[in-house]
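Enquirer: Residue numbers (my numbering): 47 to 349. Think of the CB as a built atom: it goes at the ideal place given N, C-alpha and C, for glycine as much as any other residue. Bear in mind the structure is a predicted one, so any value in this text is a computation, not a measurement.
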Amino acid sequence: MSDDTGCGEAFVQREDHSVYETDRPVLYAVHDGIAIVTMNRPQYNNAQNSQMTYALDEAFRCAVNDDAVKVVVLRGAGKHFSAGHDIGTPGRDIDKPFPRTQLWWDHTNKPGAEQLYAREQEVYLGMCRRWHEMPKPTIAMVHGACIAGGLMLAWVCDLIVASEDAFFQDPVVRMGIPGVEYFAHVHEMNPRVAKEFLFLGERMSAARAYQLGMVNRVVPRKHDLERTVYEMATKIAAQPRLGLSLTKTVINRIEELQGLRSAMDVAFGYHHFAHAHSQTLGAGALGGHDAESMVRANKKDAS
47 MSDDTGCGEA FVQREDHSVY ETDRPVLYAV HDGIAIVTMN RPQYNNAQNS QMTYALDEAF
107 RCAVNDDAVK VVVLRGAGKH FSAGHDIGTP GRDIDKPFPR TQLWWDHTNK PGAEQLYARE
167 QEVYLGMCRR WHEMPKPTIA MVHGACIAGG LMLAWVCDLI VASEDAFFQD PVVRMGIPGV
227 EYFAHVHEMN PRVAKEFLFL GERMSAARAY QLGMVNRVVP RKHDLERTVY EMATKIAAQP
287 RLGLSLTKTV INRIEELQGL RSAMDVAFGY HHFAHAHSQT LGAGALGGHD AESMVRANKK
347 DAS
């Protein structure tokens, strides 16, 4: 038995060609017991590359480790909360290795469907599950677009406050994929509405999301969004830290008893079967789509 940490099977690592437009994809600040985590890729509508995802993980870790922080607010800079996963900017860094945050091996030198499976276990499903389990309350401040991967970031939060112009959308069935990796659709809305949401891939207004219980409050963007979120956060910050954590834990465990985690496991397996099927047919992992074709289709559906 060898203790050589360099041992193991060797694979050829894919070459990374990503070019970042910023070295600060996430901004972090703390005021009056409130950690403010801001996605900071406004040029690309806060599309989530790995650089941003790992920066979010570090920001949440800082908030949890800081005893002065009682509640976390997640928001997006610019016109939109998040346009989802990065599938087409110069900063798309799917082939760039990052230090693992979980017990999954590096994906960048793995063959076939294993590459995407290992990567998405780490940066999508795994991270989102851990963020959902943060022991401190979280509030998503959503404005503009909250699409696909953006849904995952909003849904991991305990509360969602949306502006009147916000909309929610998961159009990835168009790629042949059964919804985003953190598959909470049937728990965020009832099954029949979830089917409509996914089958049609249309935008859901903040008003309808509120009717379904997916959003806590809907307010005018210009004057009331920040004020409402920070008023709520201030009230939460006045509560006992342990009491907040225990309350969150109880509700999260009940969600799991209702099948949330099992549903995600099933959906994640089908999600990667869909990726592999598409690659076998020569259409790439995204069913022949790229960022431009998805944007065109979304604009057509919205018109």
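Is it the case that the Cβ atoms of Glu168 and Trp150 are separated by a distance below 7 angstroms?
Expert: Going by C-beta atoms, Glu168 is nearer than 7 angstroms to Trp150.
Enquirer: Taking DSSP as the reference, what is the three-state secondary structure of Leu171?
Expert: Assigned with DSSP and collapsed to three states, Leu171 falls in helix.
Enquirer: Taking contact to mean 3 or more Cβ pairs, one atom from each stretch, closer than 8 angstroms, check whether the region 112–121 and the region 310–323 are in contact.
Expert: Because the criterion of three Cβ pairs below 8 angstroms is not met, the region 112–121 and the region 310–323 do not touch.
Enquirer: From this set, Asp211, Asn91, Val265, Gly172, which residue's C-alpha is nearest Val202's C-alpha?
Expert: It is Gly172.
Enquirer: With a threshold of 6 angstroms on Cβ separation, who are the neighbours of Leu205 within its own chain once the five nearest residues in sequence on each side are excluded?
Expert: Closer than 6 angstroms at Cβ, skipping near neighbours: Ile185, Asn262.
Enquirer: Write down the C-beta distance between His131 and Asn92 rounded to the nearest angstrom, noting that I regard them as a contact closer than 8 angstroms.
Expert: The pair is not a contact, with the Cβ atoms about 11 angstroms apart (cut-off 8 angstroms).
Enquirer: Helix, strand or coil, according to DSSP, for Gln94 in the structure here?
Expert: strand
Enquirer: Given 8 angstroms as the limit, is there contact between the region 237–253 and the region 144–163, that is, 3 or more CB pairs closer than that?
Expert: no
Enquirer: Just the C-alpha distance for Leu290 and Pro224, rounded to the nearest angstrom, thanks.
Expert: Rounded to whole angstroms, the separation of the alpha carbons of Pro224 and Leu290 is 34 angstroms.
Enquirer: Give the single residue among Ala348, Ala337, His321 whose Cα lies nearest to the Cα of Ala159.
Expert: Of the listed residues, the one whose Cα sits closest to Ala159 is His321.
Enquirer: Leu205 by DSSP, collapsed to three states: which one?
Expert: strand
Enquirer: Would you mind stating whether Val207 and Thr135 have Cβ atoms separated by less than 7 angstroms?
Expert: no
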